[in-house]
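Number of protein chains: 2
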Amino acid sequence: MENYEELFPFWTKLTDTEKSLIENSVYVEKYNKGMLMHRTEDSCKGLITVLHGQLRTYILSEEGREITLFRVNDEEVCVLSASCLMDTITFDVLIEATEDTEVLVLPAVMLNQVMEKNSYVELFLYKRATEKFSDVMWTMQQILFLKIDQRVAQFLWDEMVQKNSTTLSLTHDEIARYIGSAREVVTKVLKYMVKEGALELRRGTLIVLDKDMLRNFM
Amino acid sequence: MENYEELFPFWTKLTDTEKSLIENSVYVEKYNKGMLMHRTEDSCKGLITVLHGQLRTYILSEEGREITLFRVNDEEVCVLSASCLMDTITFDVLIEATEDTEVLVLPAVMLNQVMEKNSYVELFLYKRATEKFSDVMWTMQQILFLKIDQRVAQFLWDEMVQKNSTTLSLTHDEIARYIGSAREVVTKVLKYMVKEGALELRRGTLIVLDKDMLRNFM
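Order-wise, the sequence lines are chains A and B.
Residues 1 to 218, numbered by our numbering, are exactly what the first sequence covers, in order.
Residues 1001 to 1218, numbered by our numbering, are exactly what the second sequence covers, in order.
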């Protein structure tokens, strides 16, 4: 059993009936790396919490260009999969598993029922949505105002910290999608960083040789 | 006196004490066209409602490039001036009056007191913030995915509809700031639209001659 109290701060504000309503309808789903969990045309699944793995939320232009908005890690909530429960959310996103991922689903229909009577649940959803607003603002400023070499360096730094390793399994194409750029541009930046001695490139892998130098690009 | 019930859907959920707390601390402020109402380093003013006029919310890069996030019109709430009351909002913005503007201010200190006891007020703030999240997503998609001529046409179309006039008082520089582009680029696009017969340009004024043609650029 999951620790609901830890995952959902509204848990202590629920009645016993509401608690069992949730406990009886909650389920676990697994996604393999690369699987699309949510498409723009999909119906609304509900509130999703990542148990293990990682989700990537992104938008897609008509020409197929991807912009990563934010990623969702262990014990974090992916609130945009429950956007149908919030009538002030009028945009749509795609959600993909970037690793083998296990999620906990609180189905939308059930959650809607609980929300109608309990404003703490509603407040929880809107708060988490506003958190993602902050993430998106950060992403937007990165895209609009940072130069491409800074964005690549910032991304590699974050990856290095998150994976706690200087060896990163990433293709140039993946980096380009994460930072909202083109593969050709990323390849050019990475080659420059290799020439300067900050990185070493191998097939599908990238090794950070000089952390200080990488930081200087940021 | 303002009609609080109409402006604030949480009004009917307040106790009499909370109502008089608000009524006794609310005040009206006036800003001339072009005045900055909120800087990033400013302390948090509170919840602002536009009574007459218009506010523009934007972000600024280190090199001084502006990106307009959204505009706030009559009877709309500018929730980001109350961002200190929402701990999930971690970014900062600038807010400017684009016309002579009158606003109603619910001071942050007082609102914080009411919020602590009344979750409807908190929910109202977060809902309005999420609405702005949707606006920003729309803006971001415009900037990232639409070509510049489409963005100019879309902007002029929206202005024409909002002002209910085909004569628009706008400089090239203003248009560039609204759509997050450079003045030189906007001038080029406008000249092309003039050549095609969609627009006529006069000093500081722009006349839409052919609505259908403008729409075709979108």
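Using N, Cα and C, we set each Cβ at its ideal position, and we do this for glycine too.
Chain A contact for residue i (CB, 7 angstroms cutoff)
i, result
"B:A1129", "yes"
"B:S1061", "yes"
"B:S1227", "Residue numbering for chain B in the displayed model covers 1001 to 1218; residue 1227 of chain B lies beyond these limits and cannot be assessed."
"B:Y1126", "yes"
"B:L1123", "yes"
"B:F1010", "no"
"B:F1133", "yes"
Spatially closest choice to residue i from the options, by CA coordinates
i, options, result
"B:I1143", "B:I1095, B:Y1178, B:A1082", "B:Y1178"
"B:V1161", "B:E1200, B:L1214, B:F1133", "B:L1214"
"B:L1111", "B:S1081, B:E1076, B:E1099", "B:S1081"
"A:T187", "A:G197, A:G180, A:A176, A:E196", "A:A176"
"B:D1074", "B:G1053, B:T1090, B:C1044, B:T1057", "B:G1053"
"B:C1084", "B:M1140, B:Y1126, B:N1024, B:V1026", "B:Y1126"
"A:F10", "A:Q141, A:G180, A:R128", "A:R128"
"A:T57", "A:C44, A:E6, A:R39, A:Y31", "A:R39"
"A:T90", "B:K1132, B:E1018, B:V1028, B:I1022", "B:K1132"
"A:L60", "B:I1148, B:S1165, B:D1087, B:M1140", "B:M1140"
"A:L104", "A:M86, A:G180, A:V79, A:T88", "A:V79"
"B:L1199", "B:V1114, B:E1184, B:V1185, B:F1217", "B:F1217"
"A:V194", "A:A182, A:E184, A:L209, A:S181", "A:L209"
"A:Y196", "A:V72, A:A153, A:E18", "The sequence given here places Glu at residue 196 of chain A; Tyr does not occur at that position. When each option's Cα is compared against that of A:E196, the closest is A:A153."
"B:Q1113", "B:L1055, B:E1018, B:D1149, B:V1028", "B:E1018"
Below-7 angstroms beta-carbon distance, residue i vs any chain B residue
i, result
"A:S119", "yes"
"A:L156", "no"
"A:M223", "The first residue shown for chain A is 1 and the last is 218, placing residue 223 of chain A beyond what the model contains."
"A:L21", "no"
"A:I67", "yes"
"A:S169", "no"
Backbone secondary structure at residue i - three-state DSSP
i, result
"A:F91", "coil"
"A:R39", "coil"
"A:L106", "strand"
"B:V1028", "strand"
"B:A1097", "strand"
"B:R1203", "coil"
"A:L146", "coil"
"B:E1066", "strand"
"B:C1078", "strand"
"A:T187", "helix"
"B:T1015", "coil"
"A:T166", "coil"
The ligand HEM heavy atom lying under 6 angstroms from the CB of residue i
i, result
"B:L1060", "Within the structure as shown, the ligand HEM is missing, as the structure has no ligands at all."
Beta carbon proximity, residue i to chain E, threshold 7 angstroms
i, result
"A:E184", "Chain labels in this structure do not include chain E; the protein chains are A and B."
Next on the checklist: Contact between the segment 46-60 of chain A and the segment 91-108 of chain A is defined here as three or more beta-carbon pairs at a separation below 8 angstroms; is this criterion met?
Outcome noted: yes
Checklist entry - Name the residues in the segment 70-94 of chain A whose C-beta lies less than 8 angstroms from a C-beta of chain B; which are they? => result M86, T88, I89, T90, F91
Checklist entry - Given 8 angstroms as the limit, is there contact between the segment 163-174 of chain A and the segment 199-206 of chain A, that is, 3 or more CB pairs closer than that? => result yes
Next on the checklist: Assess contact between the segment 7-20 of chain A and the segment 108-125 of chain A, defined as three or more Cβ pairs (one per stretch) separated by less than 8 angstroms. Is contact present?
Outcome noted: yes
Item to check | Short-range partners of chain B found in the segment 137-164 of chain A, where Cβ spacing is below 8 angstroms | outcome: M137, W138, M140, Q141, I143, L144, F145
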